[in-house]
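Written below as structure tokens is the structure these notes are about.
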Amino acid sequence: MTATSAALTPPADAILPVRHPDAPAPGELLGSHYGHCFGCGGGQPHGLHLEARAGEGVTVTAEFTVTADHQGAPGLAHGGVLATALDETLGSLNWLLRVIAVTGRLETDFLRPVPVGTVLHLEAAVTAVHGRKLYSTAVGRIGGPEGPVAVRADALFIEVKVDHFIDNGRPEEIRAAMSDPDQVRRARAFEVNP
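Per numbering that gives the first Met the number 0, the very first residue in the sequence shown carries number 0; after that it's consecutive.
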């Protein structure tokens, strides 16, 4: 395992994260923020279909099953797919702070191979907040929530405004999300790391 880079070390004046009073309750399934998200959306046939739940404090847990579509080496999960699972889980933390944030930096360590058919048990926590910067960490375990750590990551998320997506996303997808008559689903499309 490598040491975390200086960019992922919170400054001395960073504060502890505070769960938003309107955050989902512990144990609540967070659901997909956008139906076509590769990480959590049901509209991606080969996506991760990752399911995250709110935890205590500013933590989440998630699970994702590695399928044959997620292979790198024969019979083993692709490292980029595992990094995506960690990134998606870390992005789900934004629900608990009720902020819109995107990944600024993600450092991943791969400790054990993850075979096809494995359920990867993920847990993530926000560790510090400094202005618009959110510092967080995650682990992925095999063999159960208490099993050996197969992958881990430290991340820096940056809080953004919804204009970030409107100005940079493909217009047809932005229009579709903005015109969704379900106000909750429309708002959620822009709330979590895309």
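C-beta atoms are modelled at their ideal positions from N, C-alpha and C, and glycine is treated no differently.
Please return the same chain residues whose Cβ sits closer than 8 Å to the Cβ of residue i, not counting the five positions on each side in sequence.
i: V57; result: P16, V17, R18, L92, L95, L96, A124, V125
i: T83; result: F37, G38, L47
i: T3; result: E106, D153
Which whole-angstrom value describes the C-beta separation of residue i and residue j, a residue pair presumed to lie in contact below a C-beta threshold of 8 Å?
i: F156; j: G103; result: 6 Å
i: E27; j: A53; result: 5 Å
i: L89; j: A154; result: 5 Å
Kindly list the residues whose CB is nearer than 7 Å to the CB of residue i, restricted to its own chain and excluding five residues on each side of it in sequence; keep chain order.
i: S194; result: The requested residue 194 is not part of the displayed model; the chain covers only 0 to 193.
i: G216; result: The requested residue 216 is not part of the displayed model; the chain covers only 0 to 193.
i: I141; result: R111, V113, T117, L119, P147, A149
Return the CA-CA distance between residue i and residue j, expressed in angstroms with no decimal places.
i: E87; j: V150; result: 14 Å
i: I14; j: L49; result: 29 Å
i: H69; j: L75; result: 8 Å
i: V101; j: E158; result: 7 Å
i: F63; j: P44; result: 14 Å
i: D12; j: H129; result: 7 Å
Below 6 Å CB to CB, which residues in the same chain sit around residue i once its five sequence neighbours on both sides are set aside?
i: E55; result: P25
i: P193; result: Legend: pLDDT at P193 = 43, less than 50; position of this residue unreliable, no value from coordinates given.
message = Using 8 Å as the cut-off, can you tell me whether the segment 116 to 135 makes contact with the segment 33 to 41, which would need three or more C-beta pairs spanning the two stretches below that distance?
response = no
Open item on the list: Extract the residue ranges of the beta strand (DSSP E) inside the segment 30 to 74, only unbroken runs of 3 or more that lie entirely within it.
Closed with: 50 to 53, 58 to 64
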